[in-house]
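Colleague: For the sequence shown, numbering that gives the first Met the number 0 gives the first residue as 0, with consecutive numbering after it.
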Amino acid sequence: MEISNRVLLAPLASIGNWFVRLQAKRYGAGLSVSEMVSSFGLHYGNEKTMKELLRIHPDEHPVSIQLFGHSPEAMESGARIAADAGADLIDINMGCPVPKVRKTGAGAELLSDPELALDLARAAREGSGLPVTVKIRSGLMPGDRSGYDLAIRLVEEAGAAGIGFHPRVAKQGHKGQPDYALARELSEAIDVPLIISGGLSSAEAARFAYEESNADAVMIARGSLGYPWVFAELTGQEVDPPSRESVMDELAWIMDRAEEHMGEDRAGRYLRKFYPWYLDQLDVPKVVRSELCQTAGLDRAREIVAGIRNGEPVAV
Ligand SMILES: Cc1cc2nc3c(=O)[nH]c(=O)nc-3n(C[C@H](O)[C@H](O)[C@H](O)COP(=O)(O)O)c2cc1C
């Protein structure tokens with residue numbers, strides 16, 4: 000499979016749904032990876048997993064669906080279901096450090112059970128018939144390179160088509176400097192694309208990571224929140240910083256899509272985490288900002304957003 004450029008949207012739990020991925024695509028991302036989706040949820044036909052998490056928009060391809068889980072049987076059927084829903088690639092999560100996920104034996108916990116990790120990757124290939132990539136941490140604890148070793152085995156023994164490498168150990172969570180030198184070493188040890196993740200907070204940081212790690216592609220995570228322009232910057236499309244109007248137009252676009260996806264009530268609550276990502280780029284009075292971030296009503300939120308867009312004082 001070929002993608003049009005080397006700039007990807009990273010998987011982001013509870014965020015990377017079809018419209019966030021479509022937004023990344025509109026700004027030039029070559030591939031978007033979904034938020035992590037439970038292989039068990041798909042295997043057992045959970046309604047929300049099937050209808051919401053697996054929803055793919057016709058214009059967002061290519062899209063990779065990221066699955067997590069610890070059962071090869073569920074991974075095989077989950078991957079088949081994702082492929083039937085239109086996934087172009089399957090990615091397996093072997094990096095999530097969250098205790099709730101690790102406790103089940105999934106995410107970064109798989110670094111301590113390499114044989115199971117290999118079986119999961121084989122099962123996903125078998126079930127989907129698609130290329131399977133793995134997103135993985137470098138290790139569990141400081142000094143541990145078990146993720147590095149497992150990445151090589153995933154390529155050599157389970158046919159992984161690419162490695163999304165986050166060179167921070169699980170214990171670090173999302174903090175600290177990623178070890179790009181280790182990523183460079185891995186890029187030289189495998190003959191499939193290495194996609195670097197971690198610390199890519201801006202276009203400049205992404206370019207630095209790309210050079211330092213010798214990666215084939217970059218995966219933008221937090222640096223894309225409220226700032227899809229990062230994809231344009233990295234793919235050479237647009238250089239000027241976005242205007243106040245464009246930032247708020249983009250937020251309004253997200254609000255419309257969220258309503259379409261989950262209905263007015265749920266969207267009103269869901270969107271509250273999105274607002275700061277957009278407002279952080281603008282000079283907005285504190286009182287207006289806190290009113291927007293606390294309102295659960297979509298109509299009221301739209302009024303406030305329109306006021307901010309036009310630079311008008313908003314009555315609160
Ligand atoms: C809110 C949030 C949700 C995330 N969800 C996922 C996920 O579902 N699957 C995954 O593999 N990584 C997930 N990650 C990790 C990111 O994809 C990325 O590897 C990490 O944020 C490091 O990149 P950054 O420092 O550029 O943000 C998540 C990170 C954040 C901040």
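Note that beta-carbon positions come from the ideal geometry of N, C-alpha and C, so glycine has one too. No experiment lies behind these values; they were computed from the predicted model shown.
1) Have a look at Leu66, Arg221, Tyr179, Pro10 and flag the residue whose alpha-carbon is nearest the alpha-carbon of Val168.
2) Could you tell me which of Ser37, Glu184, Asp264 sits nearest to Glu72, measuring between CA atoms?
3) Can we say the region 20-30 touches the region 40-54, given the rule of at least three CB pairs closer than 8 Å?
4) In its own chain, which residues sit with a C-beta less than 7 Å from the C-beta of Gly267, not counting the 5 before and 5 after it?
5) Grab me the residues of Ala202's own chain with a C-beta within less than 6 Å of its C-beta, minus the 5 sequence neighbours each way, in chain order.
6) Does the Cβ of Ser201 lie closer than 6 Å to at least one heavy atom of ligand 1?
7) Answer with buried or exposed for Val238, where buried requires no fewer than 16 other C-beta atoms within 10 angstroms of its C-beta.
8) For ligand 1, is there a heavy atom less than 6 Å away from the beta-carbon of Arg299?
9) Using a Cβ-Cβ cutoff of less than 7 Å, which residues in the same chain neighbour Glu156 once the five nearest sequence positions on both sides are dropped?
10) With a cut-off of 8 Å, do at least 3 Cβ pairs link the region 6-16 to the region 39-49?
11) If you reduce the DSSP assignment to three classes, tell me which class Pro71 lands in.
12) CB Ala107 to CB Arg136, shorter than 7 Å?
13) Please report how far the alpha carbon of Arg271 lies from the alpha carbon of Lys285, in whole angstroms.
14) For Arg136, list the residues DSSP reports as bridge partners.
15) Does at least one heavy atom of ligand 1 sit under 6 Å from the Cβ of Ala12?
16) Measuring only the C-alpha atoms, how far is Leu153 from Ala214?
17) Between Leu278, Ala86, Gly198, Ser212, which lies nearest to Lys174 when the distance is taken from Cα to Cα?
18) Evaluate contact between the region 84-101 and the region 53-63, counting only Cβ atoms and requiring at least three cross-stretch pairs below 8 Å.
19) May I have a chain-ordered list of the alpha helix (DSSP H) segments no shorter than 4 residues that lie completely inside the region 192-233?
20) Is the beta carbon of Ser70 sitting closer than 7 Å to the one on Leu110?
21) Go through its chain and collect everything with a Cβ distance to Arg79's Cβ below 7 Å, but skip five positions before and after it.
22) Straight-line CA distance for Val283 to Ile151?
Modeller: Concretely, from the data shown:
1) Start at 1 with the first residue of the sequence shown, and residue 168 comes out as number 169. Of the candidates Leu66, Arg221, Tyr179, Pro10, the one whose C-alpha sits nearest the C-alpha of Val168 is Tyr179.
2) Indexing the sequence shown from 1 puts residue 72 at position 73. Minimum Cα distance to Glu72 is reached at Ser37.
3) no
4) Stepping through the sequence shown from its first residue, residue 267 is reached at position 268. Around Gly267: Ala295, Gly296, Leu297, Ala300.
5) Along the sequence shown, one-based indexing puts residue 202 at 203. Result list for Ala202: Val229, Glu232, Leu233, in chain order.
6) As a first step, residue 201 must be located in the sequence shown, where it is residue number 202. Every heavy atom of ligand 1 is 6 Å or more from the Cβ of Ser201, so no.
7) Indexing the sequence shown from 1 puts residue 238 at position 239. Looking at its Cβ environment, which holds fewer than 16 other Cβ atoms inside 10 Å, Val238 is exposed.
8) Residue numbering aside, residue 299 sits at position 300 when the sequence shown is read from its first letter. Outside the cutoff, so no.
9) Stepping through the sequence shown from its first residue, residue 156 is reached at position 157. So the qualifying residues of the chain are Leu117.
10) no
11) Start at 1 with the first residue of the sequence shown, and residue 71 comes out as number 72. In the structure shown, Pro71 sits in a helix (DSSP, three-state: H, G or I).
12) For the purposes of this step, residue 107 is taken as residue 108 along the sequence shown, with counting starting at 1. For the purposes of this step, residue 136 is taken as residue 137 along the sequence shown, with counting starting at 1. Yes, Cβ-Cβ distance for Ala107 and Arg136 is below 7 Å.
13) Start at 1 with the first residue of the sequence shown, and residue 271 comes out as number 272. Start at 1 with the first residue of the sequence shown, and residue 285 comes out as number 286. Approximately 15 Å between the Cα atoms of the pair.
14) On the sequence shown, position 137 is the one that residue 136 refers to. BP columns for Arg136 point to His165.
15) Walking along the sequence shown from the start, residue 12 turns up at place 13. Result yes, Cβ under 6 Å from ligand 1.
16) As a first step, residue 153 must be located in the sequence shown, where it is residue number 154. As a first step, residue 214 must be located in the sequence shown, where it is residue number 215. Rounded to the nearest angstrom, the two C-alpha atoms are 17 Å apart.
17) If you number the sequence shown from 1, residue 174 lands on position 175. Nearest option by C-alpha distance: Gly198.
18) yes
19) 202-212, 228-233
20) Here residue 70 corresponds to residue number 71 of the sequence shown, with the count starting at 1. Here residue 110 corresponds to residue number 111 of the sequence shown, with the count starting at 1. Taking 7 Å as the Cβ cut-off, Ser70 and Leu110 do not qualify as a contacting pair.
21) Here residue 79 refers to the residue found at position 80 when the sequence shown is read from its first residue. Excluding residues within five positions, the ones whose Cβ falls inside 7 Å are Gly126, Ser127.
22) Within the sequence shown, residue 283 is the residue found at index 284, counting from 1. Within the sequence shown, residue 151 is the residue found at index 152, counting from 1. Taking the straight line from one Cα to the other gives about 48 Å.
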